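Scroll down for the structure; my scribbles are underneath it.
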Amino acid sequence: MDANLMTMVILARGRCGLSSGTSVYMVAMAAADLLVITINVMLYRVFTYHFPHSFLGYTAVCRSLIYLNAAALDMSVWFTVSFTCDRFVSICCEKFKAKYCTVSSAAAIITTLSVLLCLDNIPFWYAYETERIVHNIHWGCRTKIGFFTSAAGTAYAWLETALSPGIPFAVILLCNGLTVRRILVASRARRGLRGQASESQSDPEMANRRKSIILLFTVSGSFILLWVTAAVSYLTSSLVVYALSDYTSPAYIASVTGFMLMYLSSCTNTCIYAATQTKFREELVKMVKNPCTSILTLVKKI
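Residue numbering for the sequence shown follows this note's numbering, beginning at 992 and increasing consecutively.
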């Protein structure tokens, strides 16, 4: 959580050498990851399990958490896709770049995606029912098997599979493939223009492109690797697996492992930025040092 908060602050300050539009996408990604860690992991997975008789156990709260779980995960996925598309347009579409790669366009895309994903996950409100009633108070949530086995529920389940992560996987792989092709062609042409004599000299433009590509590939590659287990598990079983009580079944173990890796993907971007971006590391060090410096100065005065 702290890492994602620091990432949001560092990127929002705009001192990492990234374009303003790219920074908007990356801040949105960090915010979505923070939501996943807070809602999906801390509240739903940890607090609900260890404090079953708290207000989190009320059916209304439980349904809200399930809905927010799905919405937050979808935002994390599609914000990563939007970041990938931004990098693709920036590198491969010179004519469209000036209109698309702007702060206003990035803000509009992030806002539109957020609204659409919140609307898309509304059926989750109707997929769960009260588990028990104690003194006229509705407690807990349990899966409505009828919802997931109905024609509408099955169609919605496959739609969700396509939207997250089916289509995102395809878009990310396509954009990255086209981006690599474009960079290889541009690199060969640039080397030819510069001539053999200048090959030993440094090329700032190619160095910037290389850093941008490293960032793009590490972010999107990490996302695909950490989501693939959940995707395969989902496709080979069904949503009904979440209602199983047999915790030793291979389907349940694969499903839980997939969830764990999905949530882990919300913690890796900060490490990726620190590993690939020199200016991000410098800003991170400054943020860590400044509070410590202030505390030491105060202690010396005392």
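Idealized CB from N, CA, C, for every residue including glycine. Values in this document were obtained by computation on a predicted structure and should not be read as measured data.
Nearest to tyrosine 1058 by alpha-carbon distance, out of Thr998, Cys1262, Tyr1119 and Asn1127, is Tyr1119.
A distance below 7 Å between beta-carbons, with the five flanking residues on each side excluded, links serine 1213 to the following residues of its chain, in chain order: Ser1256, Thr1259 and Ile1263. Taking the Cβ atoms as the reference, valine 1106 lies roughly 22 Å from cysteine 1092, outside the contact range of under 8 Å. Setting aside the 5 residues that flank it on each side, alanine 994 is surrounded in the same chain by Thr1261, each with a C-beta closer than 6 Å to its C-beta; the list follows chain order. Counting only runs that start and end inside the region 1140-1168, there is no beta strand (DSSP E) element of at least 3 residues.
Every unbroken stretch of the alpha helix (DSSP H) spanning 4 or more residues and falling wholly within the region 1035-1101 is given here in chain order: 1050-1083 and 1085-1091.
Residue pairing from DSSP places histidine 1129 in a beta bridge opposite Ile1124.
In the DSSP annotation of this structure, the continuous segment of the alpha helix (DSSP H) that includes methionine 1017 starts and ends at 1011-1026. The beta carbon of cysteine 1132 sits closer than 8 Å to those of Thr1050, Cys1053, Arg1054, Ile1057, Tyr1119, Glu1120, Thr1121 and Glu1122, all from its chain and outside the five residues before and after it, given in chain order. Here the alpha carbon of tyrosine 1254 sits roughly 22 Å from the alpha carbon of leucine 1002. Pairing threonine 1029 with valine 1171, the inter-Cα distance amounts to about 35 Å.
Using a Cβ distance threshold of 8 Å, glycine 1249 and alanine 1221 count as a contacting pair. Check the Cα spacing between tryptophan 1069 and each of Cys1084, Tyr1225 and Asp1111: the tightest is with Asp1111.
In chain order, Met999, Leu1002 and Ala1003 place their CB closer than 6 Å to the CB of valine 1018, counting only its own chain and leaving out the 5 sequence neighbours on each side. For proline 1241, the enclosing alpha helix (DSSP H) begins and ends at 1241-1255. For threonine 1134, the three-state secondary structure derived from DSSP is strand.
Within the same chain, Cβ atoms closer than 8 Å to the Cβ of valine 1094 are found at Ser1011, Gly1012 and Val1015, the five residues on either side in sequence being excluded. If you check the CB distance, valine 1162 and threonine 1075 come in under 8 Å. Judged by DSSP secondary structure, alanine 1266 falls within the alpha helix (DSSP H) whose first and last residues are 1260-1267. For valine 1125 and histidine 1044, the gap between their C-alpha atoms comes out near 12 Å. In the DSSP assignment, tyrosine 1119 is bridged to Thr1134. In this structure, alanine 1063 lies near alanine 1023, with their beta-carbon atoms less than 8 Å apart. Going by beta carbons, methionine 1066 and leucine 1025 fall outside the 8 Å limit. Counting C-beta atoms within 10 angstroms of its own C-beta, arginine 1201 has fewer than 16 neighbours from the protein chains shown and is therefore classed as exposed. Asparagine 1167 is not a Cβ neighbour of serine 1203, given a cutoff of 8 Å. Secondary structure of glycine 1212 (DSSP, three-state): helix.
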